[in-house]
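For the sequence shown, the residue numbers in our numbering are 197 to 563.
In this text, a Cβ means the ideal position worked out from N, Cα and C, and glycines have one as well.
If you're wondering where the values come from, they're calculated on a predicted model, not measured in any experiment.
Below: the structure, in structure tokens.
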Amino acid sequence: MHLKNISLINFKNYSETSLNFSNQINCFTGDNGEGKTNILDAIHYLSFCKSFFNPIDSQNILHQAPFFVIQGTFENGETPEEIYCGQKRNQKKQFKRNKKEYQRLADHIGLFPLVMISPSDSELITEGSESRRKFLDSVISQFDKDYLENLINYNKVLSQRNALLKHFAHKGSFDKGSLEIWDIQLVELGQKVYETRKKFIDAFLPIFQKYYELISGGKETVSIVYNSHLNNGEYAVILDAALNKDRILEYTTVGIHKDDLEFKLSDFPIKKYASQGQQKSFLIALKLGQYEYIKHIKKTNPILLLDDIYDKLDDNRVRQLMELVSHKDFGQLFITDTHPNRLAELFKHTAADHKIFQVKNGQASEI
Ligand SMILES: Nc1ncnc2c1ncn2[C@@H]1O[C@H](COP(=O)(O)OP(=O)(O)OP(=O)(O)O)[C@@H](O)[C@H]1O
Ligand SMILES: [Mg+2]
């Protein structure tokens, strides 16, 4: 599966542009702010019906223009697939596949799988546990529909239980029986989510470690530890033991909604001890692990978008990474770089087909 072409009208800083892509490697070079990342974001739209960066669609319309249009042709086997995304100011987004408008955007997602590696991935290290749970959930729910359902139901029951704890505190009353109705469901769903997360991390860890080793040249060892209250025993017992605390604090203090992933470099927390380049290598390995997972499930190579890959990585690591992703195990690739010749130099000796585009002030042309 690959994207053959794209055309943009009034999308971010592009008033009108059409590009034909290589099936293999596509590089975008140009100075800061010229529009390299915007092209990756337009490709992201075609896969996920939305921007990677800005969730407010109308803000992605060229300033002062009345609408934007992104059109692209994917090739999946023999058949071309025409994807259209149109956004007028103050109107609903239109999304079409082969001229037929979707009723539910969710039906499109997953059809043309894509993984984006971007500087904003660093949030996984710098932000709180929620961002790491989100990453975990987004990877697992792509192949396990029951997981997503259990998780949604868990969160519903959790908010009911929390509301009841608050209610008791305000009334100065307590009724164990009515709390237990929620406890039974919470325990069942929470235990299932826990088991799935644990199994996934066990399987994901060696894949992630393989990629880290390839990028770093085997210089360091990394690991991911799954932290959960449920590591300490059955959820039913743990929840029961926390009852007094929950009543005082008026919310559920234990459960999978507090899970976290601990990222480690040679046994030390990555956030505190790893260098910026090591952190970046860690994040890239995480995303490549995700890529391999999706590929395995969808039985097709996802599109890979690499934004600002040189940022913080040394030349050796970039070379390792490029050798890795230009291999036939990976599919179509889109890369940005500010330096005009660096990517061209890297790919000069590879057998892989590649195109280089110069991006300047909202215009991209092949060089
Ligand atoms: N809705 C919009 N209308 C017009 N211009 C926009 C809009 N949204 C973003 N831009 C412009 O797009 C440009 C940023 O483009 P982009 O992020 O693609 O740059 P880049 O080439 O990736 O730069 P860098 O090398 O710094 O990452 C900025 O000049 C910004 O003002
Ligand atoms: Mg950029």
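- If you draw a straight line from the Cα of ILE305 to the Cα of THR225, it is about 29 Å long.
- Between LEU215 and PHE270, the CB-CB gap reaches or exceeds 7 Å.
- For SER214, the enclosing beta strand (DSSP E) has its first and last residue at 210 to 216.
- Annotation for ALA560: the continuous beta strand (DSSP E) segment containing it runs 559 to 562.
- The criterion of a C-beta distance shorter than 7 Å is satisfied by TYR408 and ALA481.
- With a beta-carbon spacing of about 5 Å, LEU242 and ILE279 fall inside the 8 Å limit used to define contacts.
- Between the C-alpha atoms of PRO251 and LEU539 there is a straight-line separation of about 31 Å.
- The Cβ-Cβ distance between LEU484 and VAL418 does not fall below 7 Å.
- A straight-line Cα-Cα distance of about 40 Å links PHE396 and GLU230.
- By the beta-carbon neighbour count (other beta carbons within 10 angstroms, threshold 16), ASP371 is exposed.
- Nearest in C-alpha terms to CYS223, of all of ASN440, TYR350, ILE505, ASP511, is ILE505.
- Within the chosen limit of 6 Å, ligand 1 does not reach the beta carbon of GLY282 with any heavy atom.
- Non-local C-beta neighbours of ASN358 in its own chain, meaning closer than 8 Å and more than five positions away in sequence, comprise GLU446, TYR447, THR448, ordered along the chain.
- The residues TRP378, GLN381, LEU382, LEU385, in chain order, have a CB closer than 7 Å to that of VAL353 in the same chain once the five nearest residues on each side in sequence are set aside.
- Judged by the Cβ position, GLU230 qualifies as a neighbour of ligand 1 at the 6 Å threshold, a heavy atom of the ligand being closer than this.
- A direct Cα-to-Cα measurement between SER424 and PHE331 gives close to 16 Å.
- Taken from the Cβ of HIS550, every heavy atom of ligand 1 lies 6 Å or farther away.
- Each of PHE248, ASP510, LYS467 was checked against the Cα of GLU323, and the nearest Cα belongs to LYS467.
- When rounded, the separation of the alpha-carbon atoms in ASN512 and ASP340 is 37 Å.
- One alpha carbon belongs to ARG329, the other to TYR489, and they sit about 17 Å apart.
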